[in-house]
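When you line the sequence shown up against the working numbering, it's residues 758 to 860, in that order.
All C-beta atoms in this analysis are idealised placements derived from N, C-alpha and C, irrespective of residue type, glycine included.
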Amino acid sequence: KIDLITTAVERGIPIISSMATGNRLDPSRLRVADLQETCNDPFARCLRQRLRKRSIEHLKVVFSDEFPVTPRGTPSGVVASTPVVPPIAGFLIAWEVIRDLVF
758 KIDLITTAVE RGIPIISSMA TGNRLDPSRL RVADLQETCN DPFARCLRQR
808 LRKRSIEHLK VVFSDEFPVT PRGTPSGVVA STPVVPPIAG FLIAWEVIRD
858 LVF
């Protein structure tokens with residue numbers, strides 16, 4: 758993911774990326790923002806740090822501001838996802854691409 762983002766930025770290709778949607782239950786908490794504005798997302802934090810080392814400060818992302826929740830009965834450390842949140846994140850990305858191209 759880091760290499761893909763780096764290549765897109767170097768070539769001037771617009772890019773949007775999805776952050777972690779695992780262990781998120783509420784699709785209404787999904788946001789489109791700059792990577793610098795993400796919160797409650799360890800994956801986004803790691804990506805932000807690694808991209809900063811490559812002098813990439815800004816990236817449009819879809820993320821959830823919801824704290825990750827481990828569903829009952831799920832072993833600790835296992836990332837689960839609902840059948841709702843990841844696809845809605847994908848729809849948000851698609852909408853952003855359409856909006857950027859058309860409007």
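Length of the line joining the Cα atoms of residue i and residue j
| i | j | result |
| --- | --- | --- |
| GLN793 | SER812 | 13 angstroms |
| ASN797 | PHE824 | 5 angstroms |
| PHE860 | SER833 | 44 angstroms |
| PRO843 | GLY779 | 8 angstroms |
| GLY830 | GLU767 | 44 angstroms |
The ligand GDP heavy atom lying under 7 angstroms from the CB of residue i
| i | result |
| --- | --- |
| ASP760 | As presented, the structure is devoid of all ligands, the ligand GDP included, so that no description of it is given. |
Cβ pair residue i, residue j closer than 8 angstroms
| i | j | result |
| --- | --- | --- |
| SER821 | LEU787 | yes |
| SER785 | VAL819 | no |
| TRP759 | ILE772 | Checking the displayed sequence, the identity of residue 759 turns out to be Ile instead of Trp. In this structure, ILE772 does not lie closer than 8 angstroms to ILE759 by Cβ. |
| LEU816 | ASP857 | no |
| ALA777 | PHE800 | yes |
Minimum C-alpha distance to residue i - residue among the options
| i | options | result |
| --- | --- | --- |
| THR827 | ALA837, VAL818, VAL819 | ALA837 |
| PRO840 | ASP783, GLN806, GLU853 | ASP783 |
| GLU853 | ARG781, VAL789, LYS810, GLU767 | VAL789 |
Residue i, enclosing alpha helix (DSSP H) - first and last residue
| i | result |
| --- | --- |
| LYS810 | 799–810 |
| ILE762 | 759–767 |
Residue range of the unbroken beta strand (DSSP E) whose run includes residue i
| i | result |
| --- | --- |
| PHE820 | 817–821 |
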